[in-house]
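I have placed the structure first, in the form of structure tokens, so that the comments after it can refer back to it.
Number of protein chains: 2
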Amino acid sequence: MMVEKKYTYTANNKIGDMSAEEFRNYGHQMIDWIADYLSNIEKYPVLSQVNPGDIKRSLPSAPPIQGESMENIFKDVEAKILPGITHWNHPGFMAYFNSTSSGPGILAELLSAAFNANGMLWRTSPALTELEEVTLNWFRKMLGLKDDFWGIIYDTASVSTMHAIAAAREQIEGVEIRRNGLTAKGNIRGFRFYASEQAHSSIDKASITLGFGIEGLRKIPVDKEFRMIPSELKSAIEEDRKNGWTPFCVVATVGTTSTTSIDPVDKIADICEKEKLWLHVDSAHAGVTAIIPEMRYIFNGVERADSLVVNPHKWMFTPVDLSVLLTRKKNILKRAFSLVPEYLKSSGDAEVENYMDYGIQLGRRFRALKLWFIIRYFGTEGIANRLKEHLRLGKIFSDWIINNPNFELMAPVPFSTTCFRAYPKGIIDETNLDVLNEALLNNVNSTGKIFLTHTKLNGKYVIRLVISGLRTEGRHITLAEQIIQTKLDELIAKGSN
Amino acid sequence: MMVEKKYTYTANNKIGDMSAEEFRNYGHQMIDWIADYLSNIEKYPVLSQVNPGDIKRSLPSAPPIQGESMENIFKDVEAKILPGITHWNHPGFMAYFNSTSSGPGILAELLSAAFNANGMLWRTSPALTELEEVTLNWFRKMLGLKDDFWGIIYDTASVSTMHAIAAAREQIEGVEIRRNGLTAKGNIRGFRFYASEQAHSSIDKASITLGFGIEGLRKIPVDKEFRMIPSELKSAIEEDRKNGWTPFCVVATVGTTSTTSIDPVDKIADICEKEKLWLHVDSAHAGVTAIIPEMRYIFNGVERADSLVVNPHKWMFTPVDLSVLLTRKKNILKRAFSLVPEYLKSSGDAEVENYMDYGIQLGRRFRALKLWFIIRYFGTEGIANRLKEHLRLGKIFSDWIINNPNFELMAPVPFSTTCFRAYPKGIIDETNLDVLNEALLNNVNSTGKIFLTHTKLNGKYVIRLVISGLRTEGRHITLAEQIIQTKLDELIAKGSN
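Line by line, the protein sequences give chains A and B. Using the working numbering, you'd call the opening residue of the first sequence number 94 and step up by one each time. Using the working numbering, you'd call the opening residue of the second sequence number 94 and step up by one each time.
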């Protein structure tokens, strides 16, 4: 990496930063290296092939006393760090929900690190606060939502969701949880909120964090297509009220993690309205597809939600981290979290938005910059076209599964995530099928060409293949099909020996 | 900005990312622009001088349909964003607790955005997890702490502290809060933890978030030097126990926000041990100075703490965000937060560290990279030398205040933060002094040369001047003295007219 050697430098005798000349020199080398890295990313195994401890053992156990040259640091990046990277930007990354970065996103992060602005208050960088307002307003429009939704950027969907549920908690009538806590007198049994059995683990973590405990979240059964059953929700709420619980919130998911199933938000909204419960919608992964006019139906009912989380850092080419919470109850979120000590007061506070009032985090990076770069560089249409292409590629793969007698489709495919398993003739025992599919997944991943992950559906081991990478093309789907087929054939041949 | 025009590009007709050539071109322009920006930063007013709404009004209210050229985006950065930046890297930024970035830190963030690795699991980038382990081990050694402390990186001190207090909550005996929540039967009155009146507002926010409410945190009085009074802590705990509260944690601060006072951690640790309470130490700003051997005394007693937060992104030249939580009770933190759904399980989980087990956030950026770059590039000695220089500059300024008959020093100066007020002859009324000092602060800040903030101590309006910027030199202290003196003279002259 970056072999040209223009400067050697020991920082110890100096006060201050790296010189501008050094920054220029190493910065140019780094930009060139990244351009090469992204162009040649398919040369690397998508899933890192190192063993636990390899990297740790390759690094000194004590920090250097004297400063080192950037050349040495760059060399170690190539020799020691790179082998331990699982390449999220690799077109063969089809695991979990991928997040890929993009040129404009990377450049915006570079600029953001240089400004190093902290947006805790409007005055600590007005551009940070106002660009966040403008860009989230754009994003809201792109999703087809009305202007009663107001937005804020958090780091992750887990944190966005936690804030949404904290706002729901703040809205509970007859108690003052912000002041008195959950243990205050008068709380006989406890508070409860609801999500489907297929909801993301971040909902459980929010329940733990906010003091409701695991018992505070009740999981509602799903139908055959892994969608929350509204009648089950209704009767759970009734039962809990009878038993002294205080229901306060429902989390619906548009695009669940295992299968990307879509909860019936409209029907859930009916129940929430009747029962006076906060409705939060988790659409962290799939929500961005509402930018495509033909996909806007996925947000049916979402216009009635109190809050919604969508992550541009998942499927909109934005480097991690950038999660967007949209809410129609901005003031309740603020009531839950605003707390301004003297050292953070400033004279114009009444006229401006201070984003620190809306969350637990005081420090706020300049994240809106990357969303702004990305929306402007690609354009709404450019973003929609790329998402459409992913949906098209996803359909090609799921059609291949459906038409292949050795495989079974395990869930509907509303977006670009296919849940499937090998189900070759002659193997019908469920345990054997689980073992076969786990072996298949491991063998596929050890090729280093593609990276898939698994889930369990109705107790069965299921492989997931997700298309959401900016660099994934038709040829990678063909490659994935070939690898999966070959690795299954090998396993069957081995089994019949 | 970046005037040379090599490419124009409309993204709509294309699928995929910006081309490598474009990335190279715009990346080089951006690096050059940043090198110039940091070299010439004193040309800009440190505190942005725009009015509320200026930036918002300068930007379109709807997102572009077609993609735009990078040239246009870059032009708008200069024309519209730059005037709205408060320059945290400016040597005159002496407000709040500053965080400045550095060349190696910025380059590491660039590389991190390009990898876009997510460290939720070991396998999702082994280098991310193992470099975090190695670098935090280095950092622990730099702070002079023994190897019973284990580290994890979170985004902000607010989030680090919340996790520490959540672990303290998990440790409470006789209840199962993780499972049953805080409302479960058996909790008669509630749980309480303690911090001084001078503790940071993030402690209050953690109490609200975790479900203890504002009432769950009891503030302990401070002595004349703004340090927690151990005997007051002791009697508060006794009183609370008598009244049915369950005490569970104490937060001590080494370097409080208003004055950087140092709580007597050793004496507080005695009480915590006797009362079996979790001891968390907040040293987000000042903790890094323990890297200087002569300053290591600030951590007296900290070796007995259960957890400690120190932020390299505050005073160690690391771009936001990077907060380090060190704990001697790693397993309790894990017990509080670990929760692994099927879709996140992987076969080698038992052998490796999966950092997602230690917190609410699932997604984790590759933050260790910047800490590694910074420690290697500057070296331990280089970092210590820079911090020493800031302490030296801080003393020059506080000596100037002490020796200037028009000013009054309002708190001891254990680090590089000076709390002072103008106290010219003839003004003795406290209200008039408050008005004078607020006017002085505003007039100083409106010069755009330096940026200071205020606090209140014993009800009095106090100005704070903090030296922690990588680019701040002796001449900036001289400039600060001149500006403060001149603006006070002007106010006095105006007042006597």
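Beta carbons are placed, not taken as given, at the ideal position from N, Cα and C, and that holds for glycine.
Around the Cβ of Lys463(B), a 10 Å sphere holds 16 or more other Cβ atoms; the residue is buried.
Gly348(B) and Ala504(A) have their C-alpha atoms some 55 Å from each other. Contact annotation for His378(A) against chain B: no contact, minimum CB-CB distance about 12 Å [criterion: below 8 Å]. Shown here for Asn535(A): not one same chain residue has a beta carbon closer than 8 Å to its own, the five before and five after excluded.
For Leu480(B), the enclosing alpha helix (DSSP H) begins and ends at Ala461 to Asn496. The beta-bridge partner set that DSSP reports for Trp371(A) consists of Cys342(A). With a 10 Å radius around the Cβ and a threshold of 16 neighbouring Cβ atoms, Lys367(A) comes out exposed. Between Val417(B) and Ile246(B), the C-beta gap is smaller than 8 Å, which places the two residues in contact. When 8 Å is used as the limit between beta carbons, Arg514(B) is near no residue of chain A, the shortest such separation being about 14 Å. Secondary structure note for Val555(A): its beta strand (DSSP E) is the uninterrupted segment Lys553 to Val559. The beta-bridge partner set that DSSP reports for Arg311(B) consists of Tyr287(B). For Asp450(A), no Cβ of chain B is located within less than 8 Å of the residue's own Cβ.
If the five residues before and after Trp181(A) are omitted, its C-beta is found closer than 7 Å to the C-beta atoms of Asn191, Ser192 and Thr193, all from its own chain and listed in chain order.
When the five nearest sequence neighbours on each side are left out, no beta carbon in the same chain lies closer than 6 Å to the beta carbon of Asp240(A). Excluding the 5 residues flanking it on each side, Asn404(A) has same chain C-beta neighbours closer than 6 Å at Ala250, Ala377 and Ser416, in chain order. Ser400(A) sits in a strand when the DSSP states are folded into three classes.
Close partners of Lys234(A) in chain B (Cβ separation under 7 Å): Ala155 and Pro156. For Ile520(A), the three-state secondary structure derived from DSSP is coil.
By the beta-carbon neighbour count (other beta carbons within 10 angstroms, threshold 16), Gly456(A) is buried.
For Val417(A), the enclosing beta strand (DSSP E) stretches over residues Ser416 to Thr420. Around the beta carbon of Asn165(A), fewer than 16 other beta carbons sit within 10 angstroms, so the residue counts as exposed. Counting C-beta atoms within 10 angstroms of its own C-beta, Pro498(A) has fewer than 16 neighbours from the protein chains shown and is therefore classed as exposed. Spanning the alpha carbons of Val559(A) and Gly541(B) requires a straight line of approximately 51 Å. Pairing Thr473(A) with Pro156(B) gives a Cβ-Cβ distance under 8 Å. Per DSSP, the continuous alpha helix (DSSP H) segment holding Ile270(A) begins and ends at Ile270 to Asn273. Under the Cβ criterion of 8 Å, Leu533(A) is not counted among the residues facing chain B. Within the same chain, Cβ atoms closer than 7 Å to the Cβ of Ile258(B) are found at Phe286, Ala299, Leu303, Cys342 and His373, the five residues on either side in sequence being excluded.
Around the beta carbon of Ala586(A), a 10 Å sphere encloses fewer than 16 other beta carbons of the protein chains shown; the residue is thus reported as exposed. Excluding the 5 residues flanking it on each side, Gly306(B) has same chain C-beta neighbours closer than 7 Å at Ser300, in chain order.
Within chain A, Ile124, Asp125 and Ala128 have C-beta atoms less than 7 Å from the C-beta of Arg117(B), given in sequence order. Secondary structure of Ile245(A) (DSSP, three-state): strand.
Across the structure, Thr420(A) and Lys518(B) are spaced so that their CA atoms are roughly 54 Å apart. Within chain B, the residues whose beta carbon sits less than 7 Å from that of Pro412(A) are Ala206 and Asn209, listed in sequence order.
Using a Cβ-Cβ cut-off of 9 Å, Ser400(A) is close to nothing in chain B; its nearest Cβ partner there is about 16 Å away. With a contact defined as Cβ atoms closer than 8 Å, Ile124(A) and Ile124(B) qualify at about 6 Å.
Comparing C-alpha distances from Thr352(A) to each of Ala398(A), Ile178(A) and Arg514(A) shows the shortest one belongs to Arg514(A).
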